[in-house]
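Number of protein chains: 2
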Amino acid sequence: MAKKFKDISMAVIRRLPKYHRYLKELLDKEVYRISSKELSNMMGFTASQIRQDLNNFGGFGQQGYGYNVEELYGEIKKILGLNISYGTVIIGSGNLGQAIANYTNLQKHGFNLLALFDTNPKLIGMRIRDVPIYDIDEMQEFIDTNNINIGIICTPKEFAQDIANKLVKANVSAIWNFAPIDLKVPENIIVENVHLSDSLFIISYLLNNQEKEQWD
Amino acid sequence: MAKKFKDISMAVIRRLPKYHRYLKELLDKEVYRISSKELSNMMGFTASQIRQDLNNFGGFGQQGYGYNVEELYGEIKKILGLNISYGTVIIGSGNLGQAIANYTNLQKHGFNLLALFDTNPKLIGMRIRDVPIYDIDEMQEFIDTNNINIGIICTPKEFAQDIANKLVKANVSAIWNFAPIDLKVPENIIVENVHLSDSLFIISYLLNNQEKEQWD
DNA sequence: TAGATTGTTAATCGATTAACAATC
DNA sequence: TAGATTGTTAATCGATTAACAATC
Chain A
1 MAKKFKDISM AVIRRLPKYH RYLKELLDKE VYRISSKELS NMMGFTASQI RQDLNNFGGF
61 GQQGYGYNVE ELYGEIKKIL GLNISYGTVI IGSGNLGQAI ANYTNLQKHG FNLLALFDTN
121 PKLIGMRIRD VPIYDIDEMQ EFIDTNNINI GIICTPKEFA QDIANKLVKA NVSAIWNFAP
181 IDLKVPENII VENVHLSDSL FIISYLLNNQ EKEQWD
Chain B
1 MAKKFKDISM AVIRRLPKYH RYLKELLDKE VYRISSKELS NMMGFTASQI RQDLNNFGGF
61 GQQGYGYNVE ELYGEIKKIL GLNISYGTVI IGSGNLGQAI ANYTNLQKHG FNLLALFDTN
121 PKLIGMRIRD VPIYDIDEMQ EFIDTNNINI GIICTPKEFA QDIANKLVKA NVSAIWNFAP
181 IDLKVPENII VENVHLSDSL FIISYLLNNQ EKEQWD
């Protein structure tokens, strides 16, 4: 059972993966000690914000010294739940589904991809990095019997809500949604959207309206 | 020359694509009139926020009536710069690059994909939906001579900063970055990141720490 | 010990929500 | 005209930044 941190704002939570990335980088460079000021210079957050953020989860630093990079990295990993393994499936095995299946770091970070699904007979039976593509009709039983926590939706948007309903019925806890719609699911289900066209449209906006805008 | 809206906060800008999506949907359903209250119910923003957001760009509504869906949709399109065409290239033609190249809606929204690039001789010479993959050594000249506005980086992270430097030198205005690093570019260059693993880690966090968290 | 830097409280800033007068 | 709903100002809420006492 992981410790539960309540009342942490999403603003803070969304910064955590960035801390994770930069601490990893420091560790790779064999930097073992860092102050909030130095991190601030690297990451572009204020030192104050960094100390506030980290103190939501515990006092990982030491006055007069700073933070031990190795320890802090380990803590962030734990906070992010990256020390745990998650059964994962991808629904929709077209270009995007395959691209994500091929993304090696999935496995490395504990996202254990066990199957892909599709309706296309040409794809069913194939394997992507040794992970099989099954007929989508087998999805619900597969999820039931294989302890799947996360469903990744890579289907065209027309099918996304239907797939989401089936994932919920099959007792998945979280959905990583790449379809350009907002899924309707019970509120205990975690949905994280990657709305690619939304992101692209921001570029388009800034290209036209930028006059020294700042963006994150 | 598009009108420049200054001092619009990124919080507002990032909501614009969602308005665009919902208005399109209404139009498809042949709904021609909508109030901020009804939009609020659909989209999950408060009616007050919707009116505030829209009034940053002009008074598109009418007291006692609401908003004309068709007109508002058109305005949002213009604000987002979706009535304009952008020369676009993809760097890195692996699974992800190909997935994005195959994403039909790119063209539909004015993102005119003219070339992909790669270092892999097996890929160079291929075509994805009729768009050729060239040797990456030809990138800078191609961008120079073809009026390219946007570079999409789909390379492994080791090469991303180098590619970004070259894109900047070749006078691209914006970078859509899928590599899991924060690019260092001059401040007049627009960078929009899609950090997939950051997004996935949020799921992992919520799976472990969720006790009725709210997320967007 | 003196210097450095955290943890934490207080102040500020910005974004969201509420309220209501204007007006279609 | 009466009813509805916007545009906009004011109030509230939350997140970021500043400041500093605690302490390594």
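Chains A and B supply the protein sequences, listed in that same order. Just so you know, we're using full-length UniProt numbering here: the first sequence kicks off at 1 and counts up by one. Just so you know, we're using full-length UniProt numbering here: the second sequence kicks off at 1 and counts up by one. We treat Cβ as the ideally placed atom computed from N, Cα and C, and that holds for glycine. Owing to the predicted nature of the structure, the values given are computational and were not obtained by experimental measurement.
Asked	Found
Three-pair Cβ contact test at 8 Å for the stretch 59-77 of chain A versus the stretch 125-137 of chain A	no
Terminal residues of the beta strand (DSSP E) in which B:V168 lies	Here B:V168 belongs to no beta strand (DSSP E); instead the alpha helix (DSSP H) covers 157-169.
Separation of B:P17 from A:S197, as counted between CA atoms	8 Å
Contact check, A:Y86 vs B:S36, beta carbons under 8 Å	no
Inter-residue Cα distance where the pair is A:G59 and A:F111	29 Å
Collapsed DSSP secondary structure at A:G125 in the structure displayed	coil
Buried/exposed call for A:D144, threshold 16 Cβ in 10 Å	exposed
Assigned secondary structure, A:F142 (DSSP; H/G/I helix, E/B strand, else coil)	helix
Residues that B:N102 contacts on chain A, provided the C-beta gap is smaller than 9 Å	G94, N95, L96
Exposure of B:N55, with buried meaning 16 or more beta-carbon neighbours within 10 Å	exposed
Rounded distance between the beta-carbons of A:G151 and A:V172, thought under 8 Å	5 Å
Extent of the continuous beta strand (DSSP E) run through B:E192	190-193
Buried or exposed (CB count within 10 angstroms, at least 16 for buried), B:D118	buried
Nearest-angstrom Cα separation, counted from A:D162 out to A:A179	12 Å
Cβ contact check for the stretch 91-110 of chain B and the stretch 84-99 of chain A: 3 or more pairs under 8 Å	yes
B:D198: contacting residues in chain A (beta-carbon distance under 9 Å)	R14, L16, P17, K18, H20, R21
Straight-line Cα distance separating A:P121 from A:L26	47 Å
Contacts of A:Q210 in chain B (Cβ-Cβ under 7 Å)	I190
The alpha helix (DSSP H) enclosing B:G74, as first and last residue numbers	69-79
Whole-angstrom distance between B:Q49 and B:A174, CA atom to CA atom	29 Å
Proximity test, Cβ basis, 8 Å: residue 275 of chain A and chain B	Examination of residue 275 of chain A is not possible in this model, given that chain A is present from 1 through 216 alone.
N- and C-terminal bounds of the alpha helix (DSSP H) containing B:P17	16-28
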